[in-house]
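S.K.:
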Ligand code: NAD
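Here it is, written out as structure tokens:
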């Protein structure tokens, strides 16, 4: 137990917020002081069962929560006032509207990838720029796709040097619990134009990298799939790439021996391994897809959109509060508390 537990509030207890709350609760140096919701629904009951005090955005709706048996601890402003750090996991573009509140209360806040870089003025990835986040008031954890891209590009760059990255994102249409989004029978170019927003977003973390991205949305909910091609400065080898993946605490390798060739099978594997919510916090890079020839590297990686950013939020909390100055140590602490053993160590 640490002398001081960082008090964390999660504003927006949805897909990302509920996972961040559980990840915070698992750490030895931080605790959940509250989570917030706008409407009473199943997630409110989960928060109550977990013992997280429930706050609401519009306090005039208190009666509608209490009527269904959800105890309300107060308003979102009350919750933020009591926190050291607020993790804003409200839907994209809503988070930015909360900035005046965090400024008024002089609180540290973390936004998610649905917000623009400018909201925080600093975009974060634990492996790439932890040190630059130390002591900051505002940080944005980049999106799931950008997180997955930054992790691997940065490692390849350190080992072989990156001349250019070309990445194609095949994106899930909606999260598994979302019933109002599609497509149900189409491949939607998102956008039709090139580049997609992912390339410029990678530059908010790795400004020196040359990258072009394309993206499309398909009717699946499980994970995103990336097809990545990197030209390197030094000749690249398959063994060298596998070695750097194995060294990294959040790069996973789907070995040939697993016999997996789809996102569905990865999720099934995660479920069978007993992972909470079948979450994959690590990139899932297909060993058999790694093609290395002279200065060209190609591979497929699957990214679990609901999970990879969760661990990054925990490290961002440590960096901003300055409780841990070393990024690698923070990553190790976060992973250990969550029992994360990268997927290649399970087969
Ligand atoms: P979500 O819709 O699942 O959850 C958002 C939650 O915030 C909901 O519970 C909603 O009731 C609540 N909420 C809405 N308005 C609020 C307000 N004013 N005050 C407090 N709570 C409010 O959204 P999500 O998928 O968790 O996304 C959150 C953020 O994370 C977005 O920026 C998104 O782009 C980003 N993100 C999402 C994913 C993903 O795959 N779901 C991946 C990476 C990043």
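Numbering (my numbering), first residue to last: 7 to 353.
Note that the Cβ used here is the ideal one computed from N, Cα and C, for glycine as well.
1. Under DSSP, the beta strand (DSSP E) around residue 42 begins and ends at which residues?
2. For the alpha helix (DSSP H) holding residue 124, just list the boundary residues, first then last.
3. Residue 157 to residue 257, Cα distance in whole Å?
4. Can you tell me which of 217, 250, 82 puts its alpha carbon nearest to the alpha carbon of residue 18?
5. Does the beta carbon of residue 82 fall short of 7 Å from some heavy atom of the ligand NAD?
6. Below 7 Å, is the gap between the Cβ of residue 307 and the nearest heavy atom of the ligand FMN?
7. Can you check the region 218-260 for any beta strand (DSSP E) of at least 3 residues that lies completely inside it and give the ranges in chain order?
8. Quick check: the region 154-171 against the region 283-298, are at least 3 beta-carbon pairs closer than 8 Å?
9. Give a yes or no on whether the C-beta atoms belonging to residue 94 and residue 115 are separated by under 8 Å.
10. Compute the beta-carbon to beta-carbon distance between residue 326 and residue 91, rounded to the nearest angstrom, for a pair I have assumed lies under 8 Å.
11. Is it buried or exposed for residue 24, if we count other Cβ within 10 angstroms and need 16 for buried?
12. Output the boundary residues of the alpha helix (DSSP H) element that contains residue 279.
13. Within 10 Å of its beta-carbon, does residue 223 have 16 or more other beta-carbons around it, so buried, or fewer, so exposed?
14. When every heavy atom of the ligand NAD is checked, does at least one fall within less than 7 Å of the C-beta of residue 42?
15. Find the nearest neighbour of residue 1 within the set 241, 122, 168, judged by alpha-carbon distance.
16. Buried or exposed, going by whether 16 or more other CB atoms sit within 10 Å of the CB of residue 346?
17. Please find out if some non-hydrogen atom of the ligand NAD comes closer than 7 Å to the beta-carbon of residue 78.
18. Cβ of residue 294 less than 8 Å from any chain C Cβ?
19. Kindly give me the distance between the Cβ atoms of residue 230 and residue 151, rounded to whole angstroms, as I take these residues to be in contact under 8 Å.
20. What are the start and end residues of the beta strand (DSSP E) that includes residue 307?
21. Sort 336, 313, 315 by Cα distance to residue 324 and report the nearest one.
22. Less than 8 Å between the C-beta atoms of residue 65 and residue 42, yes or no?
M.R.: On the basis of the data shown:
1. 36-43
2. In the DSSP assignment, residue 124 falls within the alpha helix (DSSP H) that extends over 123-126.
3. 7 Å
4. 82
5. yes
6. Ligands present in the displayed structure are limited to the ligand NAD, and the ligand FMN is not among them.
7. 230-238, 257-260
8. yes
9. yes
10. 6 Å
11. It is buried - the Cβ of residue 24 has at least 16 other Cβ atoms within 10 Å.
12. First-last for residue 279: undefined, no H or E at that position.
13. buried
14. Indeed, a heavy atom of the ligand NAD lies less than 7 Å from the Cβ.
15. Since the first and last residues shown for the chain are 7 and 353, residue 1 lies out of range.
16. buried
17. no
18. Given the protein chain composition of this structure (a single chain), no chain C is represented.
19. The beta-carbon distance between residue 230 and residue 151, rounded to whole angstroms, is 6 Å. This is short enough to meet the 8 Å contact definition.
20. Looking at the DSSP string, the run of the beta strand (DSSP E) that includes residue 307 is 302-309.
21. 336
22. Not a contact, by the Cβ cut-off of 8 Å.
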